[in-house]
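Residue numbers (my numbering), protein chains in the order written: chain P, 1 to 281; chain G, 1001 to 1204. Remarks on the structure that follows.
What follows is the structure, given as structure tokens:
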């Protein structure tokens, strides 16, 4: 049994959210540079140039990349041989979120009583936590501050089994085309296929934690990713949907076995400000 | 090439703008998002005056991050305009001339732009750090309790926007998509526009 102090978790969570808000990951920057170099639309190229310049300004001047510093989504891979001392995990994470968003001058965007009072909780808590128990005595924390513009364009459908691959492709293209400029293209698309309704959407979200453009290790899923990326970029939306050839930077597909009656498919969209940071304790 | 525009907007200036134009705005703009719009509409419903002079005004859909000490404002990029569609025509009837946001507008808003001779600008979504540098002064002027959603009066200098919808009914998002869509590479997928035409046509 290895002990990890709850305070250590809080401090790490705070640090990761502040880091994520200001420093766009290298793989995202590289993908944006490739998009700029390949973009056919002059206006699209200019927008991509501004997005890259924004990343530089944010990093150098400590201004958040985007004013929407998101819902605090936290993925925890917890080694089953870890004991958390001095507090419980959920509290430790939320303390970290409150600290990071307050001390880091990040926007607090979470309201309680969603269908009535919609009162701001004041510190961006509670976090949305995805906990996975894994072998070992380590703890990996990944933070994904998720903007509203792109999250609001999420889609879930339970297709008929017979609709197959073509049905999945059609559904994803429809979701992206109808979302248009709302989710801030160029996008990273998380696509979940299979499982149950809630697991399918969780796969789509998990797909966004992959390094941008790394293919799914399963050749069939990787082939579907290639087809989806090519077709999404043929839609013509382009950067900010002003027209262009780079609507998505990457498509990440995650699959799970499903019930004989169903073909669940979920789309979770990430904007170009694809903020993501991890650390191991 | 960008057009430099000094605010407030005049009828002539708006008439000279076309979808796709690059524009740099200098002068006063106001921020408002969902919660502030809801309150403004409720004020109009009660016959009360609006908290800002709406005649000829420009509203920027933004909720900035808190400013660090010594700075004017935090990150301040556009939010999704779609959510403000239900309120826009009503405010334009009161004299609102332009709005700034990201993403497309509804048919209702596009009609209001024609009727009230207004314009909808895009700011580049997700460039809140860069855009904040163009804001020289910021002060909360109404609904302070709404925090980031309060109405702020901003003084901007060379604030870069793109005309998305002009007063003649042109729509940059539609034009751009039509230009760059590669229909032959979409397989069996039927694009939104064709699908709408199919369901409206009904003949076959």
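For glycine and all other residues, C-beta sits at the position ideal for the given N, C-alpha and C. Remember, it's a predicted structure, so these values are computed and weren't measured experimentally.
Whether residue 76 (chain P) touches residue 132 (chain P) by CB criterion (8 Å): Here residue 76 (chain P) refers to the residue found at position 76 when the first chain is read from its first residue. Here residue 132 (chain P) refers to the residue found at position 132 when the first chain is read from its first residue. Yes.
Residue from G:1109, G:1173 and G:1139 whose Cα sits closest to the Cα of residue 1052 (chain G): One-based indexing of the second chain puts residue 1052 (chain G) at position 52. Per the Cα distances, G:1139.
Within chain P, the residues that residue 952 (chain G) reaches when beta carbons sit closer than 8 Å: Given a span of 1001 to 1204 for chain G in the structure shown, any question on residue 952 (chain G) remains unanswerable.
Chain P within 8 Å of residue 1189 (chain G), Cβ atoms only: Here residue 1189 (chain G) is taken as the residue at index 189 of the second chain, counted from 1. Closer than 8 Å: yes.
DSSP-derived helix/strand/coil call for residue 1198 (chain G): Here the question's residue 1198 (chain G) lines up with position 198 in the second chain. Residue 1198 (chain G): helix per DSSP, three-state reduction.
Amino acids of chain G, ordered along the chain, whose beta-carbon sits closer than 7 Å to that of residue 63 (chain P): Within the first chain, residue 63 (chain P) is the residue found at index 63, counting from 1. Ordered by position in chain G, the residues that pass the 7 Å Cβ test against residue 63 (chain P) are 1074, 1075, 1129 and 1132.
8 Å Cβ cutoff, residue 1147 (chain G) in contact with chain P: Taking the second chain and counting its residues from 1, the one referred to as residue 1147 (chain G) is at position 147. It does; some Cβ of chain P falls within 8 Å.
Buried versus exposed, by CB contacts within 10 Å (16 or more), residue 1204 (chain G): Within the second chain, numbered from 1, the residue matching residue 1204 (chain G) stands at position 204. Legend: pLDDT at residue 1204 (chain G) = 49, less than 50; position of this residue unreliable, no value from coordinates given.
Chain G contact for residue 170 (chain P) (CB, 8 Å cutoff): Position 170 of the first chain, counted from the first residue, corresponds to residue 170 (chain P). True, the Cβ-Cβ gap to chain G drops below 8 Å.
Backbone CA spacing between residue 1042 (chain G) and residue 1088 (chain G) [nearest angstrom]: Translated into positions along the second chain, residue 1042 (chain G) becomes position 42. Translated into positions along the second chain, residue 1088 (chain G) becomes position 88. Taking the straight line from one Cα to the other gives about 13 Å.
Span separating the alpha-carbon of residue 266 (chain P) from that of residue 200 (chain P): Residue 266 (chain P) sits at position 266 when you count from the first residue of the first chain. Residue 200 (chain P) sits at position 200 when you count from the first residue of the first chain. Cα-Cα distance, rounded: 6 Å.
Between the CA atoms of residue 223 (chain P) and residue 1058 (chain G) - distance to the nearest angstrom: Within the second chain, residue 1058 (chain G) is the residue found at index 58, counting from 1. Within the first chain, residue 223 (chain P) is the residue found at index 223, counting from 1. Distance between the alpha carbons of residue 1058 (chain G) and residue 223 (chain P) is about 47 Å.
Length at least 4, wholly inside the segment 67-133 of chain P: the alpha helix (DSSP H) runs in chain order: 89-103
Contact set between the segment 1081-1104 of chain G and chain P, restricted to residues whose Cβ is under 9 Å from the partner: 1081, 1082, 1083, 1102, 1103 and 1104
DSSP-derived helix/strand/coil call for residue 1007 (chain G): Sequence index remark: in the second chain, residue 1007 (chain G) carries index 7 (1-based). If DSSP states are grouped into helix, strand and coil, residue 1007 (chain G) belongs with coil.
Three-state class that DSSP yields for residue 14 (chain P) in the structure shown: What you label residue 14 (chain P) is simply residue 14 of the first chain in a count that begins at 1. Helix.
Partner residues on chain G for residue 287 (chain P), Cβ-Cβ distance less than 7 Å: Residue 287 (chain P) falls outside the range modelled here, since chain P spans only 1 to 281, and no answer is possible.
Interface partners of residue 241 (chain P) on chain G, CB under 8 Å: For the purposes of this step, residue 241 (chain P) is identified with residue 241 of the first chain, where counting begins at 1. Those within 8 Å of residue 241 (chain P) in chain G are 1103, 1104, 1173, 1176 and 1177.
Helix, strand or coil at residue 246 (chain P) according to DSSP, with G and I counted as helix: The count along the first chain starts at 1 and reaches residue 246 (chain P) at position 246. If DSSP states are grouped into helix, strand and coil, residue 246 (chain P) belongs with coil.
Contact test: residue 1116 (chain G) Cβ vs the ligand ZN heavy atom, cutoff 7 Å: In terms of ligand content, the structure shown is empty, and the ligand ZN therefore cannot be addressed.
Classification of residue 260 (chain P) by the beta-carbon crowding that lies within 10 angstroms, buried from 16 upward: The sequence position of residue 260 (chain P) within the first chain is 260, counting from 1. It is exposed - the Cβ of residue 260 (chain P) has fewer than 16 other Cβ atoms within 10 Å.
Range of the contiguous alpha helix (DSSP H) that encloses residue 1036 (chain G): As a working note, residue 1036 (chain G) is residue 36 in the second chain. Segment 1034-1045, the alpha helix (DSSP H) holding residue 1036 (chain G).
Own chain, CB closer than 6 Å to residue 277 (chain P), minus 5 neighbours either side, in chain order: Taking the first chain and counting its residues from 1, one reaches residue 277 (chain P) at position 277. Cβ neighbours of residue 277 (chain P) beyond the five flanking positions: 16, 19, 20 and 143.
Beta strand (DSSP E) segments (min. 3 residues) lying fully within the segment 1070-1145 of chain G: 1098-1101, 1119-1122 and 1135-1142
DSSP-derived helix/strand/coil call for residue 1150 (chain G): Taking the first residue of the second chain as position 1, residue 1150 (chain G) is located at position 150. Reduced to three states, the DSSP call for residue 1150 (chain G) is coil.
Three-way DSSP call (helix, strand, coil) for residue 60 (chain P) in this model: What you label residue 60 (chain P) is simply residue 60 of the first chain in a count that begins at 1. Residue 60 (chain P) falls in the helix class under three-state DSSP.
C-beta contact flag for residue 148 (chain P) and residue 180 (chain P) at 8 Å: For the purposes of this step, residue 148 (chain P) is taken as the residue at position 148 of the first chain. For the purposes of this step, residue 180 (chain P) is taken as the residue at position 180 of the first chain. Taking 8 Å as the Cβ cut-off, residue 148 (chain P) and residue 180 (chain P) do not qualify as a contacting pair.
CB contact below 8 Å: residue 224 (chain P) versus chain G: Start at 1 with the first residue of the first chain, and residue 224 (chain P) comes out as number 224. No, residue 224 (chain P) lies away from the interface with chain G (no Cβ there is under 8 Å from its Cβ).
CB-CB length for residue 342 (chain P) against residue 1103 (chain G), believed under 8 Å: Since the first residue shown for chain P is 1 and the last is 281, residue 342 (chain P) is missing from the structure and cannot be characterised.
Distance between residue 62 (chain P) and residue 1011 (chain G) (C-alpha atoms, nearest Å): Along the second chain, one-based indexing puts residue 1011 (chain G) at 11. Along the first chain, one-based indexing puts residue 62 (chain P) at 62. Taking the straight line from one Cα to the other gives about 39 Å.
Chain G within 8 Å of residue 113 (chain P), Cβ atoms only: Walking along the first chain from the start, residue 113 (chain P) turns up at place 113. Residue 113 (chain P) does not count as touching chain G.
Residues bridged to residue 268 (chain P) (per DSSP): Within the first chain, numbered from 1, the residue matching residue 268 (chain P) stands at position 268. Beta-bridge pairing links residue 268 (chain P) to P:190.
Beta-bridge pairing of residue 45 (chain P) - partner residues as DSSP gives them: Residue numbering aside, residue 45 (chain P) sits at position 45 when the first chain is read from its first letter. According to DSSP, residue 45 (chain P) bridges with nothing at all.
Span separating the alpha-carbon of residue 235 (chain P) from that of residue 258 (chain P): What you label residue 235 (chain P) is simply residue 235 of the first chain in a count that begins at 1. What you label residue 258 (chain P) is simply residue 258 of the first chain in a count that begins at 1. Computed Cα separation, rounded: 30 Å.
Alpha-carbon to alpha-carbon, residue 114 (chain P) and residue 1168 (chain G): As a working note, residue 1168 (chain G) is residue 168 in the second chain. As a working note, residue 114 (chain P) is residue 114 in the first chain. Going by the C-alpha atoms only, they are around 39 Å apart.
Within-8 Å CB hit, residue 229 (chain P) to chain G: Your numbering for residue 229 (chain P) matches position 229 in the first chain. With 8 Å as the cut-off, residue 229 (chain P) does not count as an interface residue toward chain G.
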